[in-house]
Amino acid sequence: MNSWKSIDWISNTAWLLFYSVGILLFLSLFWWDYINQYRTINATYRREEVLVQQFYQEYAKITAQKKEYDQQNMQFIAKMNNSLSTSSLQSLMGNSKGVKIQSKAAKQNADILESSFSVSGTVASTKQFRDLIKSLQNSNYALEISFPIKLQSVKGGLKYTIGIKSFTKKNATPMSANPDKAVTQGGITIPASAIPNSTQ
């Protein structure tokens, strides 16, 4: 009984708390660097994960664009197997009246023959003119429409002059595309989308 009474419980408790706090402080200081390193590495990993996801999204987008471009390019190359003649071009002019076609000397670039035409005619409305441009772009020939296009309002419709280039492979077979390009009207360049749906 006397031995229990001789123990200084307050002092022992204080020392126990002191040692406990000291041990906890030591462990905290010892592990603090590791905790900071973990936080830094984890934050870096999260940022890199976001960047990787963005990269794959951009890669998928570019791949899809390339696939679409390759498909369009293959279609254009396939059209080079068809040779465009003046009579064939005449048949593509649709509802145009008074069509006149002037051909220029063809240029030979490797195995590709580049033919140039100047086409003029008259359509009843701007809708017919839009349809004409679309029919040229969607034809079976590899065509390039030269812009700007000259447009002039005349009695009974619109008079136009278009420059057209045709690309044909060597030994191609004779046969019996964005309207939002710039065109000119009265010397002023305007987008095709601004052309009204009927003749002014």
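Note that numbering that gives the first Met the number 0 has the sequence shown beginning at 0, numbered continuously upward.
Positions of the beta carbon are idealized from the N, C-alpha and C atoms, including for glycine.
How about Val153 and Thr125: do their beta carbons lie closer than 8 Å? no
Please list, in chain order, all residues of the same chain as Gln184 whose beta carbon is under 6 Å from its beta carbon, the five residues on each side excluded. For Gln184, the predicted structure reports a pLDDT of 33, less than 50, and the residue's modelled location is therefore unreliable. A value from the coordinates is still provided. Within the same chain, Gln184 has close Cβ partners Leu150.
Spatial neighbours of Lys96 in its chain, beta-carbon cut-off 6 Å, leaving aside the 5 residues before and after: Thr121
Just checking, does the region 84-92 make contact with the region 126-139 on the three C-beta pairs under 8 Å criterion? yes
Using the DSSP secondary-structure output, state which residues sit across from Val118 in a beta bridge. Ile100 and Ile161
Can the beta-carbon of Ile163 be found less than 8 Å from the beta-carbon of Ile144? yes
Please determine, among Lys99, Asn81, Ala109 and Ser117, the residue with the shortest C-alpha to C-alpha distance to Thr167. Asn81
Leu135: first and last residue of the uninterrupted beta strand (DSSP E) it sits in: Where Leu135 is concerned, there is no enclosing beta strand (DSSP E), although the alpha helix (DSSP H) it sits in stretches over Thr125 to Gln136.
Rounded separation between Val51 and Tyr44 - CA only: 10 Å
According to the neighbour-count rule (16 or more other Cβ atoms, all chains shown, within 10 Å of its Cβ), is Leu15 buried or exposed? exposed
Have a look at Asn137 and Gln71 and give me their C-alpha separation to the nearest angstrom. 12 Å
Of the choices Asn139, Ile100, Thr12 and Asn108, whose alpha-carbon is the least far from that of Asn78? Reading the sequence as shown, one finds Lys at residue 78 and not Asn. Closest option to Lys78, Cα to Cα, is Asn139.
Classify Gly156 as helix, strand or coil using the three-state DSSP reduction. strand
The ligand MG and Ser95: does the residue's C-beta get closer than 7 Å to at least one heavy atom of that ligand? Ligands in the displayed structure: none, and consequently the ligand MG is not present.
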